[in-house]
Each structure stands twice: as C-alpha cells, then as structure tokens.
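Numbering-wise, my numbering puts 322 at position 322 of the sequence shown, and it's gapless, one number per residue.
In what follows, a structure is listed as structure tokens, so that the remarks can point back to it.
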Amino acid sequence: MNRTNWSLFQAGRERMLAALAVCGALVVTTLVIYALGQRAGMYASLVLVPLFVVICFAYKFHLGKLRANSSHASKLADLYLSTVEALTMAIDAKDQINHGRVRRVQAYAVGLANAVGYNHEGEIEGLRAAALLHDIGKLAVPEYILNKPGRLTAAEFAKMSAHPTIAAEILSNVEFPYPVVPLVLHHHEKWDGTGYPLGLRGEDIPLGARILAIADCYEALRSDRPYRKGFSKEKSIEIMKREAGRTFDPRLMGAFLSVVGNIEKRLAEVEAHEEQSDDHGHSFELAAPRKKSRRISSVYQNIAAAHKEVLSLYEISQTLGSTLNLTEVLAIIASRIGNIVDFTSCVIYLYDQEKKLLSAAHVIGEDAEALLSLNIPLGSGISGQVAENREPAINRDPQPDLCYASRSGLERYRKSLIFPLAQKEKILGVLALYSVNDTPYGNDQIRLTELVSKHASTALHNALTFEETQESALTDRLTGLPNSRYMYSFFEQELMKAEMHNYPVTLLMMDLDGFKKVNDQYGHHIGDDLLKEIARVLSQQIRREDILVRYAGDEFVGVLIGTTSEQTDEVIARIQSAVEAFEIEVRPGKAVSVGVSIGKAVFPNDGTTLEELMMIADANMYRNKEERKEALLPAPAAVVSFPVRAVSI
1 MNRTNWSLFQ AGRERMLAAL AVCGALVVTT LVIYALGQRA GMYASLVLVP LFVVICFAYK
61 FHLGKLRANS SHASKLADLY LSTVEALTMA IDAKDQINHG RVRRVQAYAV GLANAVGYNH
121 EGEIEGLRAA ALLHDIGKLA VPEYILNKPG RLTAAEFAKM SAHPTIAAEI LSNVEFPYPV
181 VPLVLHHHEK WDGTGYPLGL RGEDIPLGAR ILAIADCYEA LRSDRPYRKG FSKEKSIEIM
241 KREAGRTFDP RLMGAFLSVV GNIEKRLAEV EAHEEQSDDH GHSFELAAPR KKSRRISSVY
301 QNIAAAHKEV LSLYEISQTL GSTLNLTEVL AIIASRIGNI VDFTSCVIYL YDQEKKLLSA
361 AHVIGEDAEA LLSLNIPLGS GISGQVAENR EPAINRDPQP DLCYASRSGL ERYRKSLIFP
421 LAQKEKILGV LALYSVNDTP YGNDQIRLTE LVSKHASTAL HNALTFEETQ ESALTDRLTG
481 LPNSRYMYSF FEQELMKAEM HNYPVTLLMM DLDGFKKVND QYGHHIGDDL LKEIARVLSQ
541 QIRREDILVR YAGDEFVGVL IGTTSEQTDE VIARIQSAVE AFEIEVRPGK AVSVGVSIGK
601 AVFPNDGTTL EELMMIADAN MYRNKEERKE ALLPAPAAVV SFPVRAVSI
C-alpha cells in the first residue's frame with residue numbers, strides 16, 4: 001500500500017467511525033423517544049424530536065468536514081509523493097551510468113523487509129522513502145567524484161562519506177509521518193562498528209538501516225560502476241556472504257539470500273514490460289498520469305544532460321592538464337568532445353607558421369585516412385578562413401575544406417562546426433567537426449564546442465611550448481643536431497631493441513683534425529660556420545634511420561643501426577672523404593678544409609653498455625688520428641698546415 005492509499009484509508013476509517021458514532025446516537029435517541037412515548041405519552045416524546053433533528057444535521061455537517069479533510073489529505077499525499085519523486089529524479093540524474101539505481105535499491109529493501117516481518121504500515125513506508133532518498137546527500141558531492149573511473153583519494157572518500165550526514169540534515173526539515181531520517185543517516189553503518197558516520201554496532205543500528213545497507217550494497221555490486229563492470233549474481237552473493245557478521249547483520253543476510261532471486265526476477269519482468277507495480281512490495285509506482293510522466297522524463301533528461309556536460313568539461317580540463325605530450329593532447333581533445341557533440345569526423349589542424357599551412361594532425365571518426373591528408377593554406381577553405389580571422393564557422397558546407405583531401409568520396413558531408421585554436425594573438429590550429437547529417441548544430445552544441453576549443457587552446461599551447469622546450473633541451477643550438485643528452489636516452493633504448501631482435505649497433509666517435517687552429521687563426525665565428533657546415537656534410541653520409549649527434553666541441557658521434565663491419569668501414573671512408581673535400585671561405589681568396597678521425601665500437605662484440613662502447617670507440621679514434629698524422633704528406637706551399645688548404649677563389 002503506497003502513501004496515497006494509506007492516507008485515504010486513514011481518512012476513510014475516520015469517516016466510518018464517525019458515521020457509526022452518529023448512527024449509534026440516532027439509535028439511542030430513537031429508543032429513548034420510544035420509551036418515553038410508552039411511559040409519558042406522545043407529547044413527551046415530541047419534545048425529543050428537535051434533538052433528533054439536531055443530531056441529523058450535526059452528522060451531515062461532520063460528514064462534509066470529513067470529506068474535505070479526506071480530500072486535503074489526498075492532496076497532501078500526492079504533494080508528498082511528487083516531492084519525493086522530484087528529489088529521486090535529481091539524485092538519479094547525477095549518476096551517469098546507473099539510471100534507476102534508487103528504484104532497484106527500493107525493490108531489494110522492500111523485498112527483504114517483507115521477508116523478515118518489517119512490514120508494519122509506518123515501517124514499510126518509511127523504508128520505501130528512505131530507499132528512494134538515501135543518496136540525496138550526494139547532491140553535495142562533486143560529479144567528478146561520483147563518476148571517477150578509479151579509486152578515490154583519502155580526501156575524495158571523506159567528501160563521499162559525508163553524504164549520509166548531509167542527507168539527514170536535508171531530510172530533517174521534512175515532517176515525515178514515519179521514520180525516514182534514521183534509516184538514511186545510518187545506512188553505511190557496519191555490524192562490527194567500523195562504519196560511518198557514527199560507528200554504531202550490531203542492533204544499535206536501526207533495523208531499517210541494516211536492511212537498506214544490504215539492498216544498497218547488493219545493487220552497487222550488480223551494477224556497472226565508473227571503474228568496473230557489474231558483477232554477476234553469483235559473484236555478488238559470494239562477496240556479500242564474506243561480509244555477513246562484519247558489514248551486515250548475519251540474520252538479515254541469510255533472509256536476503258533466500259529472496260533475492262525472486263526480487264531480481266520480478267525486477268527483470270518490470271523492466272522488460274516497463275511496468276511499475278506495488279502489489280507485493282517488490283517494485284514501486286509513480287502517482288503521475290501519462291502526461292506528467294512525459295514531463296518528468298523530459299526534466300530528467302535535461303538534468304542528466306546538464307550533469308553529463310559538466311562532467312565531460314571537467315574531464316577534459318583535468319585530463320588535458322595531466323599531460324604535455326602533444327600526441328596525447330590531440331587524442332584527448334578529439335575523444336572527449338565526442339561525448340558531448342555529435343559529428344561524423346573530427347579533425348584537429350595544426351598551423352605551420354613558416355609554410356602558412358593548416359595540416360591535419362589528428363583525426364577520429366570516418367574517412368580518417370583521407371582526412372589526414374588535408375593541408376589547407378591560411379585563408380583558404382573554411383578552416384583557413386577561421387584560422388586567419390580567428391572567428392568560428394557554424395553550420396557551413398564543409399566541401400571547401402574537404403576538396404583539399406588526397407582523394408574524393410567526401411561529398412556526403414553536409415555541415416561543419418569549426419573553431420579556431422589560438423592563444424592570445426597566436427593561431428595554433430583549428431578544431432573542425434564534419435557531419436553527414438544536415439540538421440544544423442543547435443545552440444547547446446555550439447556553446448559546448450566553443451568551451452572545449454578554449455580548453456583545447458590552452459592545452460595545445462602548453463604542449464607545443466613543452467615540445468619546443470624539450471626539443472631545444474635535446475638539440476644542439478649551433479648545428480641543429482641532437483645533443484649528448486638525447487644520445488644517452490636514444491642509445492639506451494636502441495640497445496634494448498638490438499638485444500631483443502639480435503642486430504648490431506655501431507658507435508662512431510669522430511673528432512675534427514685541425515679545427516682548433518682554424519678557431520685560433522680565423523676566429524670563433526669562422527669556427528662556428530665551419531661546424532655547422534661539417535654537421536650538414538656528415539648528415540648526408542648516413543642513412544635516415546641512423547643518428548648523428550654533436551657530442552662536444554668539435555666531436556661528433558654517429559650511431560649506425562644494423563650495419564655489418566664492411567658496411568661500417570665504407571661509411572667511415574665516405575665520411576672522411578666528404579669532410580676533407582669540403583672547403584669553407586675564410587677570407588676573400590682563401591678557403592680552408594679540415595679532416596676527421598674516426599673510431600668505432602660495435603654492440604655487443606665490443607661492449608654491452610654505452611660507456612664501454614664509447615671508451616673503445618674513443619681509443620680507436622685516437623689511434624686513427626695518429627695513423628692519419630703519420631700518413632700525412634708534406635703540404636704544398638699553397639696549403640696552410642692545419643691540415644688546411646689555401647684555395648684560390
């Protein structure tokens with residue numbers, strides 16, 4: 001029996017008792033009149049007729065008042081139910097995964113209550129309301145905690161565990177006709193006294209709260225959570241059995257296990273047929289007509305959408321703030337915006353300042369391969385105009401962009417939503433959503449995309465700045481080659497791969513011959529120019545998969561991947577010939593060239609660590625330098641001895 005029926009029953013009972021009382025009075029009055037008539041005659045009995053009439057009118061008046069009170073009670077009951085409904089809807093809408101959770105908790109709780117005899121009218125109604133409202137305190141818990149896909153921190157758990165106390169404070173202002181607040185306050189207490197908020201133990205915990213604790217836990221185990229999938233019925237029961245006598249009242253736990261199968265069966269039937277029945281206390285009913293239900297459903301969807309929006313924006317903000325890796329930032333932007341805005345394909349363009357070109361850097365959705373080929377000049381297409389003007393383009397035909405793709409077949413796209421990604425006055429790129437649906441984007445989707453683009457702009461700026469800084473930290477500023485810091489990181493990784501796949505790695509130590517004399521005689525600016533050009537020459541002599549590093553001063557290191565001993569010797573000879581053949585003008589009419597001494601060491605034959613290989617390669621390099629000095633022929637008169645040749649220009 002629900003709250004409305006109970007109120008009507010109470011009012012009807014009062015009417016019936018009043019009617020019986022009045023009828024009794026009438027009977028008594030009639031008997032008195034009859035008796036007096038028999039003794040004192042008709043005239044004496046007529047004196048009592050007015051009293052009879054007064055009693056009849058009093059009865060009629062009282063009956064009318066009872067009807068009014070009954071109507072008022074019915075309206076109050078409906079108002080109460082509507083209030084509970086609204087609060088329940090607000091709670092349920094905050095849960096992004098398990099809509100309808102509180103209703104299932106109610107079904108488990110009422111089913112268990114019936115099984116243990118906790119079913120007096122006030123008790124069962126209080127339990128029903130408590131089951132619906134036990135999580136109302138979560139309205140004060142941030143969405144990111146409720147939907148966090150992982151374990152809560154200590155601070156987050158403290159925030160979450162305050163919700164029973166908050167709920168009790170909220171509900172204490174409502175004058176329930178039966179106990180609700182104690183059940184809500186204590187539904188996280190444990191049988192062994194380790195629960196919260198008060199640490200009550202055993203039967204000090206209200207019976208209704210103990211029932212609610214079992215129902216709440218079982219539903220949580222069975223349902224999907226942000227951090228895991230729901231458990232099977234068997235697994236859930238196994239977990240709860242272990243907690244009997246610790247978390248749960250063992251007597252109630254035994255009773256629950258005997259009825260949970262029937263409750264779940266009934267719930268499945270109700271959900272399958274979209275029925276809401278209260279016949280056996282296993283489910284629930286909403287005292288709202290069809291029109292009202294549709295209105296409530298609409299409001300519910302609006303609340304849920306609002307919470308989803310806030311949660312998605314929070315996730316974007318938090319996740320983007322957790323990384324400075326450009327690739328990860330682009331992936332996060334594209335994946336997260338798909339949670340709140342519809343599109344067929346999402347393209348994030350990055351702007352190349354030198355080429356004045358927007359290039360597709362990340363694509364998700366359909367036609368990804370074709371869209372990754374997009375390169376749009378600044379000011380061209382829609383995205384190029386958005387980047388140039390720093391103004392969004394909304395619901396435009398995307399074909400002016402898509403015509404830059406490397407292949408056709410993109411004519412089916414009908415609309416676009418494109419926002420600039422900029423930080424202050426600097427354009428970083430463009431966020432473009434393309435859709436085959438020709439229904440225009442609405443105001444909410446436009447607003448959300450704008451918010452995402454602002455978050456994305458900041459994250460993108462930070463990632464690009466970090467990448468530039470990192471590249472600078474790992475790059476020699478003079479030559480543009482990787483520096484020694486990069487070499488140590490790269491080489492360790494390469495040795496691990498070489499060991500795994502069983503191929504050799506050769507380390508070349510290179511030192512320029514005569515470079516110091518060039519610096520001393522012609523100045524450091526000539527030396528710097530020479531180093532830059534030598535770096536270019538060396539780079540041309542090795543493969544793309546190999547690496548060349550400026551190690552220090554006039555020393556370079558080469559790393560050759562998978563070369564044989566013969567191939568390595570060919571590379572060394574080629575490098576030395578190319579360096580010696582290179583000349584740089586130092587003053588009008590005079591040019592100089594330098595040589596290079598090279599030593600090698602091979603992994604794993606000569607060593608298994610970078611330090612071992614560098615030591616051997618360095619020793620071989622100095623041996624090569626001595627050999628080259630001994631082999632050096634006397635220079636002609638026109639040649640400056642560095643060994644440096646003077647060349648007529």
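Built from N, CA and C at the ideal position, the CB exists for glycine as well.
Since the structure is predicted, the reported quantities are computational estimates derived from the model, not experimental observations.
Which one of the options has the shortest CA to CA distance from residue i?
i	options	result
L132	D401, V105, Y551	V105
T564	N462, F603, D192	F603
Q423	E545, G409, I382, A456	A456
L495	N605, H134, R251	N605
G208	L478, D546, V184	V184
K355	L378, A370, L371, E369	L378
A115	R485, D528, V259	V259
A167	P197, E612, R210, Q445	P197
Q576	L560, K629, V594	V594
L508	A459, H461, E612	E612
V102	M160, A220, R336	A220
L651	I340, L530, R544, V505	Residue 651 lies beyond the stretch modelled for the chain, which goes from 1 to 649, so this question has no answer here.
R544	I534, G562, A552, D554	G562
T344	Q385, Y413, V329, E328	Y413
In three-state DSSP terms, what is residue i?
i	result
P541	Checking the sequence, you will find Gln at residue 541 rather than Pro. Looking at Q541 - three-state DSSP - the assignment turns out to be coil, as it is neither helix nor strand.
V505	strand
F603	strand
E630	helix
N114	helix
F284	Only weak support exists for where F284 lies, its pLDDT of 40 falling under 50; the coordinates are left without a value.
N325	coil
G193	coil
R336	helix
Q353	coil
R294	Summary for R294: the model assigns pLDDT 48, below 50, so the residue's position carries little reliability; its value from the coordinates is reported in the next sentence. Here R294 sits in helix by DSSP.
N262	helix
D653	Because the chain here runs from 1 to 649, residue 653 falls outside it and cannot be looked at.
C217	helix
K241	helix
H186	coil
A581	helix
S345	strand
H524	helix
K590	strand
I205	coil
T449	helix
T439	coil
N173	coil
Skipping 5 residues on each side, what residues in its chain have a beta carbon closer than 7 Å to that of residue i?
i	result
A334	C346, I348, H362, I364
N483	L474, T475, D476, V549, R550
F466	L324
F556	M510, L538, L548, V549, R550
G202	W191
D216	V105, H134, H187
E630	none
R536	none
Sorted by chain position, which residues of the same chain lie with C-beta nearer than 6 Å to residue i's C-beta, five sequence neighbours on each side aside?
i	result
Y441	N395, L417
S373	A405, S406
I427	Y351, A387
E189	G195, L200, I205
P179	G126
I572	I598
Could you tell me how far apart the beta carbons of residue i and residue j are, in whole angstroms, since I believe they sit closer than 8 Å?
i	j	result
R623	G599	7 Å
P398	I382	7 Å
K625	D520	Wrong, their Cβ atoms sit about 19 Å apart, outside the cutoff.
F490	I547	6 Å
K516	T479	Wrong, their Cβ atoms sit about 17 Å apart, outside the cutoff.
L358	V430	6 Å
A617	A601	4 Å
K415	S435	5 Å
L326	L464	7 Å
May I ask whether a heavy atom of the ligand HEM can be found less than 6 Å away from the beta carbon of residue i?
i	result
P177	Of ligands this structure carries none, so the ligand HEM is not represented either.
Can you list, in chain order, the residues of its chain with a C-beta nearer than 8 Å to that of residue i? Leave out the 5 residues immediately preceding and following it.
i	result
T165	G137, L185, P197
Would you call the stretch 244-263 and the stretch 107-119 touching, i.e. three or more CB-CB distances under 8 Å?
-> The answer is yes - the stretch 107-119 touches the stretch 244-263, with three or more Cβ pairs under 8 Å.
Is the stretch 152-167 close to the stretch 229-245, with three or more CB pairs under 8 Å?
-> Not touching, per the Cβ criterion.
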